[in-house]
Amino acid sequence: MNTWRQRIRPEQIRELSLIGLIVIALLIFGWQIENFLSARTFNRITSSVAIVGMVAIGQTLVVLTRNIDLSVGSIVGFTAYFVGAQLAANNGLPPLVAVGLALLVGGTMGLINGLIVAYGRVPAIITTLGTLAIYRMLLINYANARTITVDSLPSWVVELSRQNLFSIGDFAVRPLFAITVVAVVVFQLVLGYTIFGRRLYAIGSNPEAARFAGLPAQRMVLAAFVICGMLAGLAGFLFLARFGNITAVAGQGIELESVAAVVVGGVNTFGGSGTVLGALLGAFLIDLLGQGLLRWLGISEFWRDALLGLLILLAVASDSVILGWLRRLWAAPALRAEVGHER
Numbered sequence: 001m002n003t004w005r006q007r008i009r010p011e012q013i014r015e016l017s018l019i020g021l022i023v024i025a026l027l028i029f030g031w032q033i034e035n036f037l038s039a040r041t042f043n044r045i046t047s048s049v050a051i052v053g054m055v056a057i058g059q060t061l062v063v064l065t066r067n068i069d070l071s072v073g074s075i076v077g078f079t080a081y082f083v084g085a086q087l088a089a090n091n092g093l094p095p096l097v098a099v100g101l102a103l104l105v106g107g108t109m110g111l112i113n114g115l116i117v118a119y120g121r122v123p124a125i126i127t128t129l130g131t132l133a134i135y136r137m138l139l140i141n142y143a144n145a146r147t148i149t150v151d152s153l154p155s156w157v158v159e160l161s162r163q164n165l166f167s168i169g170d171f172a173v174r175p176l177f178a179i180t181v182v183a184v185v186v187f188q189l190v191l192g193y194t195i196f197g198r199r200l201y202a203i204g205s206n207p208e209a210a211r212f213a214g215l216p217a218q219r220m221v222l223a224a225f226v227i228c229g230m231l232a233g234l235a236g237f238l239f240l241a242r243f244g245n246i247t248a249v250a251g252q253g254i255e256l257e258s259v260a261a262v263v264v265g266g267v268n269t270f271g272g273s274g275t276v277l278g279a280l281l282g283a284f285l286i287d288l289l290g291q292g293l294l295r296w297l298g299i300s301e302f303w304r305d306a307l308l309g310l311l312i313l314l315a316v317a318s319d320s321v322i323l324g325w326l327r328r329l330w331a332a333p334a335l336r337a338e339v340g341h342e343r
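Taken in order, the sequence shown gives residues 1 to 343; the numbers are from the numbering used here.
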């Protein structure tokens, strides 16, 4: 029993439960909706999850430090339009330059957020609520009611969302989803096996103790916001590749979806615990429920947003009650051993 506790953490149980919920949802929707379990549904869900999942990775890093970034939707929209405008004006722009431009723009916006939060000591929810509006206004002024259209973009951008890397039967894995999966693997390893990751967890678990221990808390929070901005910028590029037609409203609502994915995925809103894999699973479950309920019951976008809000509330409640109980259960043997040793 003790060996089992050592190998499996409470957070991993959340991830396993998410996989179980995804399987149950697939079975129910597949039973109720004709042709739901099809390659078309898979491609639609993975294309959406590729964008939200990329943003959720960065959001996870920020939430681990007991902060939140509500400006990510505006960063996605501004980056998608800005990079699209550059590609439309210069079709010969190399792909790596376009991606680098997206990372630079997103990282700069994340840097502004991080400086205000980490060094200006303004609460993250206030800071990013303000920059959400500011970045959106910058996009509106920059766009000036113009639309980036598919026919103005280089062919490689348009084809990126349609190409198949490989297929398993009728189901194909496309580049957008593959990029997000690679990012999840990279940051899962970073959080689990690097000093940077351990410091993020330490700062989120107990900020005061982390400062007392000499950890560079301000620099770590700043780095989390910068990386979050960069990943939101990369998501903006994926948004451009998926939709092609970009307006000033691009990316609206992604901030709520990314927070929902992170919270449903088991990342503690009070910092210190959670994984990017859980965030990706949360994004997949949310999009699966949205797609399934839309086709099954014909719910509107307003009900979909209400569903996101309900999932956030349920996830926070379960994290507080269920995961709290599991953590105490896992810690009990160690506490008993420590008490016995003192005696």
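Heads up, the beta-carbon is just placed ideally off N, CA and C, and yes, glycines get one too. Source: prediction; values computed, not measured.
Starting from Ala172, follow the beta strand (DSSP E) in both directions and report where the run begins and ends.
Phe171 to Val173
How many Å lie between Val105 and Leu234 at the Cα?
9 Å
Pull up the distance between the alpha-carbon of Trp4 and that of Gln188, whole angstroms please.
Low confidence applies to Trp4: its pLDDT is 48, below 50, so where it sits in the model is not reliable enough to give any reading.
C-alpha gap between Gly30 and Ile116, whole angstroms
47 Å
To which residues of the same chain is Gly251 closer than 6 Å at the C-beta, ignoring the five residues directly before and after it?
Gly73, Val76 and Gly77
Evaluate Ile126 with the Cβ neighbour count: other Cβ atoms within 10 Å of its Cβ, from every protein chain shown; 16 or more gives buried, anything less gives exposed.
exposed
Using the C-alpha atoms, what's the distance from Ile203 back to Ala213?
10 Å
Length of the line joining the Cα atoms of Ser273 and Asp287:
23 Å
In the DSSP assignment, what residue or residues form a beta bridge with Ser167?
Ala172
May I have the straight-line CA-CA distance separating Ala118 from Gln218, to the nearest angstrom?
5 Å
Skipping 5 residues on each side, what residues in its chain have a beta carbon closer than 6 Å to that of Leu335?
Note on Leu335: pLDDT 47, under 50, position unreliable in the model; no value is reported.
Flag this pair as yes or no: are the beta carbons of Val226 and Gly100 separated by less than 8 Å?
no
Span of the alpha helix (DSSP H) holding Gln86?
Val72 to Ala89
Neighbourhood of Ser205 by C-beta, 6 Å cutoff - its chain only, sequence neighbours within 5 removed:
Gly272
Length at least 3, wholly inside the segment 163-246: the beta strand (DSSP E) runs in chain order:
166-168 and 171-173
Are there 16 or more other CB atoms within 10 angstroms of the CB of Phe284, so buried, or fewer, so exposed?
buried
Assuming Leu103 and Ala224 form a contact by the criterion Cβ under 8 Å, report the distance between their Cβ atoms to the nearest whole angstrom.
Contact doesn't hold; Cβ gap of about 16 Å is too wide.
To the nearest angstrom, how far is the alpha carbon of Asn90 from that of Arg199?
42 Å
Simplified DSSP state of Ile148, which is helix, strand or coil
strand
Count the other C-beta atoms from every protein chain shown that fall within 10 angstroms of the C-beta of Tyr81, then say buried if there are 16 or more, exposed otherwise.
buried
CB contact flag (Val249, Ile312, <8 Å):
no
Please report the distance separating the alpha-carbon of Ala145 from that of Gly84.
15 Å
Would DSSP call Glu34 helix, strand or coil?
coil
If Ile112 and Thr131 are in contact, beta carbons under 8 Å, what's the gap, nearest whole angstrom?
7 Å
Which complete alpha helix (DSSP H) runs does the segment 90-123 hold, if anything under 4 residues is left out?
95-114
Answer yes or no: do Gly278 and Arg66 have a C-beta to C-beta separation smaller than 8 Å?
no
Is DSSP giving Gln252 helix, strand or coil here?
coil
Applying the 10 Å Cβ sphere with the 16-neighbour rule, what's the burial state of Arg211?
exposed
Which class does Ser161 belong to by DSSP, given the choice of helix, strand or coil?
coil
In three-state terms, what does DSSP make of Val23?
helix
Please identify the residue among Ile24, Val63, Ser47 and Pro94 whose C-alpha is closest to the C-alpha of Tyr201.
Val63
Can you list, in chain order, the residues of its chain with a C-beta nearer than 7 Å to that of Ile140? Leave out the 5 residues immediately preceding and following it.
Ala248
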